[in-house]
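A short write-up of the structure that comes next.
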Amino acid sequence: MQPDNANAVSLLVDLFGYLGILLHGLVIVTQSMALGGTFFLVFAARPFAAALGPDILRRTLRTAAISAFCLVLVEGVNVTLQTAILASTLDMPAADMLDANFAVAGLAKMAAAALLGLLLMRGAGAVPLLAVCAAELAAATLTTHARARLDHNALLLGVEFLHQLGAAIWIGGIPCFVMAVGRLSSGTALRDIGGRFSRISIAGVACILLSGLTMTVFYIGSWQAFYGTAYGVMVGAKVAMFALLLCLGLGNFLVTERLRRDPNVPVLRLRRFAEIEIGIGFTVFFTAASLTSVPPGIDLTQDRATWHEVVARDFTPRWPRLASPDHDRLGIPALQAQLDREAAARAQTPRAAFVEGSGDLPPRNADDIAWSEYNHHWSGLFVLAIGIFALLNQAGVRWARHWPLIFLGLAGFLLVRSDPEVWPLGDIGLLDSLHDVEVVQHRVFAALPIAFGLFEWGVRTGRIRAPWAAYVFPLMCAGGGALLLTHSHAIANVKDQLLIEWTHTPLALAAIIAGWSRWLELRLPGRIATAAAWVWPWCFVVIGFLLIFYREA
282 MQPDNANAVS LLVDLFGYLG ILLHGLVIVT QSMALGGTFF LVFAARPFAA
332 ALGPDILRRT LRTAAISAFC LVLVEGVNVT LQTAILASTL DMPAADMLDA
382 NFAVAGLAKM AAAALLGLLL MRGAGAVPLL AVCAAELAAA TLTTHARARL
432 DHNALLLGVE FLHQLGAAIW IGGIPCFVMA VGRLSSGTAL RDIGGRFSRI
482 SIAGVACILL SGLTMTVFYI GSWQAFYGTA YGVMVGAKVA MFALLLCLGL
532 GNFLVTERLR RDPNVPVLRL RRFAEIEIGI GFTVFFTAAS LTSVPPGIDL
582 TQDRATWHEV VARDFTPRWP RLASPDHDRL GIPALQAQLD REAAARAQTP
632 RAAFVEGSGD LPPRNADDIA WSEYNHHWSG LFVLAIGIFA LLNQAGVRWA
682 RHWPLIFLGL AGFLLVRSDP EVWPLGDIGL LDSLHDVEVV QHRVFAALPI
732 AFGLFEWGVR TGRIRAPWAA YVFPLMCAGG GALLLTHSHA IANVKDQLLI
782 EWTHTPLALA AIIAGWSRWL ELRLPGRIAT AAAWVWPWCF VVIGFLLIFY
832 REA
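For the sequence shown, position 534 (counting from the first letter as 1) is numbered 815 according to the numbering used here, and the numbering increases by one without interruption.
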């Protein structure tokens with residue numbers, strides 16, 4: 282293998298853990314949209330075809346078919362990357378990997394998705410479409426935790442099947458529903474399609490609730506595993522977002538009930554709530570993908586955190602750390618200085634204290650922890666200032682409209698401080714640092730504030746008048762929260778990883794709520810928009826305080 286190719290493969294191996302989560306999330310999104318679009322076609326669009334018209338029927342077919350072909354593409358990339366990584370790691374021909382369980386299940390999913398897309402394009406009937414959907418779900422079930430369980434294997438496979446079915450019926454069908462509602466002017470047609478999709482959604486919710494409760498028993502098993510393992514905390518994040526989805530769904534259900542009595546009831550709120558359901562639902566899918574990278578809580582019987590440890594570390598306020606330790610006292614510089622002294626005494630070339638991408642965890646000491654806490658606490662002050670000035674702007678203080686510029690200061694602070702072993706403070710070059718997944722994630726998190734800070738400042742001051750520009754801020758907020766739910770840390774101590782997860786999960790949820798609240802403010806008139814305009818600045822205040830009281834020890 283040529284050196285450049287070797288470096289490329291090495292970088293791919295280092296990043297694949299995180300890329301695999303993102304790819305798996307895209308697989309779940311495209312699968313749910315393909316299946317949900319098909320279910321919407323079979324159970325809603327076709328039964329009311331005369332009232333909906335040919336355009337909506339055609340668009341539903343196209344949406345489901347494109348989603349199916351996108352699923353083929355994303356799953357193909359996923360299987361190819363997994364095969365390449367295993368072949369490189371085990372030094373075996375890639376062809377020998379194709380009989381592995383992940384490859385067989387992936388190829389089956391691709392075949393079923395391709396067939397589904399073709400059947401949709403040919404206008405096939407309900408029976409063949411639903412049969413292929415069942416085959417797709419069966420293949421997808423073989424990539425879940427249930428496939429590897431030794432006990433209750435058949436039951437858990439059935440439960441996973443039901444869970445993915447519910448997600449597809451409900452969340453996967455919403456894009457087609459929003460498309461249909463946006464193109465209907467007849468109150469009777471809106472009543473019919475709204476009522477039908479409401480019943481479809483209730484069936485999906487029932488599938489998710491039944492399967493979710495069952496998986497909680499078999500994958501978590503106890504309260505201690507729920508709050509004391511990373512798996513349990515991530516499930517808690519899913520439960521919180523599921524509760525938000527239920528609240529939005531309830532709001533839409535009330536609208537559809539009013540439509541039954543009066544076909545002339547406005548449906549704008551229904552459309553806007555459904556848009557947010559799509560966003561939060563897709564975030565749930567990426568969280569579910571992240572869950573596959575950690576062992577179920579019931580299997581992690583060692584190194585669980587106690588409730589006392591969680592409260593003492595993450596929910597007991599302490600004065601923030603506002604003074605930073607010296608850079609040369611951190612783990613890597615301190616170890617490098619020691620190695621340099623030893624090598625000089627022996628007249629030898631010193632070895633590197635840490636090689637990015639080597640697979641080893643970087644050395645950490647008490648000063649590294651203090652450095653990280655200092656970064657979080659000062660970041661919290663930046664975010665708290667953003668929230669306060671945004672509230673002042675909302676209250677009518679005109680000069681406070683420049684609050685988005687604070688994001689630029691936050692981004693610059695993070696770019697310099699987040700990874701002290703990396704350029705510009707450390708000896709590791711920027712390109713070499715890309716072997717570390719945590720560094721890559723930090724760079725992404727630092728770049729996001731620059732993007733939505735500049736756009737939101739331009740919107741607030743009238744410098745950017747394009748209608749789409751106002752949506753950059755809410756989408757970046759919600760997207761940043763979703764990324765934070767997939768964030769991982771290079772820490773050897775499992776308990777410390779869990780305790781950090783406890784702080785990052787509320788941050789992510791607050792960012793998601795902030796983003797979609799701002800979306801509602803932009804998309805809805807009236808009292809709901811007014812209330813939403815106050816919700817998202819308070820979310821930033823909450824995020825600021827969470828960061829200010831963040832602890833790693």
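Yeah, the Cβ is synthetic: ideal placement off N, Cα and C, and Gly gets one too. Everything numeric in this text was worked out from a predicted model, so none of it was measured.
- Query: Distance, Cα to Cα, Leu805 vs Ala728?
  - Reply: Answer to the nearest angstrom: the Cα atoms are 29 Å apart.
- For Met460 and Gly334, the rounded distance between their alpha carbons: Each residue's alpha carbon lies about 13 Å from the other.
- Taking the alpha-carbon positions, what's the Val536 to Ser482 distance? Rounded to the nearest whole angstrom, the CA to CA distance from Val536 to Ser482 is 14 Å.
- Item | Whole runs of the alpha helix (DSSP H) within the segment 423–466, excluding any shorter than 4 residues | Qualifying alpha helix (DSSP H) stretches, in chain order: 434–451 and 455–463.
- With DSSP run on the structure shown, which of helix, strand or coil describes Val703? Strand at Val703.
- Query: Between Leu551 and the rest of its own chain, which residues show a CB-CB distance below 6 Å, the 5 nearest in sequence each way excluded?
  - Reply: These residues qualify, in order along the chain: Asn533 and Val536.
- Item | Minimum C-alpha distance to Ala898 - residue among Gly439, Ala412 and Phe350 | For residue 898 there is no data in the structure shown, the boundaries of the chain being 282 and 834.
- Cβ pair count under 8 Å reaching 3, the segment 307–320 against the segment 442–457: Yes: the two stretches touch, three or more of their Cβ pairs being nearer than 8 Å.
- Message: Can you list, in chain order, the residues of its chain with a C-beta nearer than 8 Å to that of Val697? Leave out the 5 residues immediately preceding and following it.
- Response: The answer, listed in chain order, is Pro705 and Leu706.
- Are Ala671 and Phe830 close, meaning C-beta to C-beta below 8 Å? A distance of 8 Å or more separates the beta carbons of Ala671 and Phe830.
- Query: Counting pairs of Cβ atoms below 8 Å between the segment 573–589 and the segment 506–516, do you hit three or more?
  - Reply: Counting Cβ pairs under 8 Å, three or more are found: they touch.
- Query: By a C-beta neighbour count over all protein chains shown, 10 Å radius and 16 as the cutoff for buried, is Ser479 buried or exposed?
  - Reply: Ser479 is buried by the Cβ-count criterion.
- Task: Grab me the residues of Ala421's own chain with a C-beta within less than 7 Å of its C-beta, minus the 5 sequence neighbours each way, in chain order.
- Result: The residues are Gln312, Lys390 and Gln445.
- Message: On the CB-based measure, 16 or more other CB atoms within 10 Å of its CB, does Gln629 come out buried or exposed?
- Response: Exposed, because fewer than 16 other Cβ atoms sit within 10 Å of the Cβ of Gln629.
- Provide the residue span of the alpha helix (DSSP H) that contains Glu556, from first to last. It spans Leu549 to Leu572 - the alpha helix (DSSP H) in which Glu556 sits, taken as one unbroken run.
- Residue span of the alpha helix (DSSP H) that contains Asp621, given as start and end: First-last of the alpha helix (DSSP H) with Asp621: Gly612 to Ala626.
- Message: Less than 7 Å between C-beta atoms, sequence neighbours within five positions excluded: which residues of the same chain meet that for Asn310?
- Response: Checking the displayed sequence, the identity of residue 310 turns out to be Val instead of Asn. Correct list, in chain order: Phe563 and Phe566.
- Task: Ignore the nearest five residues each way along the sequence and tell me which others in Gly493's own chain have a CB closer than 7 Å to its CB.
- Result: Correct list, in chain order: His444.
- Query: Ordered along the chain, which non-local residues of its own chain (more than five positions away) have a Cβ less than 7 Å from that of Trp797?
  - Reply: Spatial neighbours of Trp797 in its own chain (CB-CB distance under 7 Å, excluding positions within 5 residues in sequence) are listed in chain order as Ile557, Gly560, Ile561, Pro755 and Ala759.
- Query: Taking the alpha carbon of Pro685 as the point to measure from, which residue in Ile731, Leu411 and Ala506 has its own alpha carbon closest?
  - Reply: Out of Ile731, Leu411 and Ala506, Ile731 has the C-alpha closest to the C-alpha of Pro685.
- Message: Are the CB atoms of Leu616 and Ala593 within a distance shorter than 8 Å?
- Response: The Cβ-Cβ distance between Ala593 and Leu616 does not fall below 8 Å.
- Compute the beta-carbon to beta-carbon distance between Ile489 and Ala555, rounded to the nearest angstrom, for a pair I have assumed lies under 8 Å. Taking C-beta atoms under 8 Å as the contact rule, Ile489 and Ala555 fail to qualify, at a distance of about 17 Å.
- Query: Skipping 5 residues on each side, what residues in its chain have a beta carbon closer than 8 Å to that of Asp621?
  - Reply: Scanning its chain for C-beta atoms nearer than 8 Å, with the 5 sequence neighbours on each side dropped, one finds around Asp621 the residues Pro631, in chain order.
- Apart from the five residues just before and just after Ala681, which ones in its own chain have a Cβ nearer than 7 Å to its Cβ? Closer than 7 Å at Cβ, skipping near neighbours: Phe670, Leu673 and Asn674.
- Query: Is the distance from the Cβ of Glu802 to the Cβ of Ala795 below 8 Å?
  - Reply: In this structure, Ala795 does not lie closer than 8 Å to Glu802 by Cβ.
- Message: In the DSSP assignment, the alpha helix (DSSP H) including Gln675 goes from what residue to what residue?
- Response: Residues Ala647 to Gln675.
- Can you tell me the Cβ-Cβ gap for Leu529 and Leu471, rounded? I've got them flagged as a contact below 8 Å. Contact doesn't hold; Cβ gap of about 18 Å is too wide.
- Message: What would DSSP say about Ile366, mapped onto helix, strand or coil?
- Response: Helix, per DSSP.
- Have a look at Asp700, Val498, Val520 and Thr469 and flag the residue whose alpha-carbon is nearest the alpha-carbon of Val486. The shortest CA-to-CA distance from Val486 to any of Asp700, Val498, Val520 and Thr469 is the one to Val520.
- Whose C-alpha, out of Leu304, Thr364, Leu828 and Asp336, is nearest the C-alpha of Arg599? The shortest Cα separation from Arg599 among Leu304, Thr364, Leu828 and Asp336 belongs to Leu828.
- Apply the 10 Å Cβ neighbour rule to Leu431 and answer buried if 16 or more other Cβ atoms are within range, or exposed otherwise. By the 10 Å Cβ count, Leu431 comes out exposed.
- Query: Going by other Cβ atoms of all chains shown within 10 Å of its Cβ, with 16 needed for buried, is Thr786 buried or exposed?
  - Reply: The residue is buried, with at least 16 neighbouring Cβ atoms inside 10 Å.
- Item | Option nearest Leu526 by Cα separation, candidates Ala405, Leu790 and Tyr500 | Closest by alpha carbon: Leu790.
- Can you give the beta carbon distance from Gly661 to Gly762, rounded, assuming they're within the 8 Å contact cut? Rounded to whole angstroms, the Cβ separation of Gly661 and Gly762 is 16 Å, and the two are not in contact under 8 Å.
- Message: Using only the alpha-carbon positions, how far apart do Gly301 and Leu779 sit?
- Response: Cα-Cα distance, rounded: 21 Å.
- Message: DSSP has Leu709 in a bridge; who is on the other side?
- Response: The question names Leu, but residue 709 is Ile in the sequence shown. For Ile709, the pairing in a beta bridge is given by DSSP as Val703.
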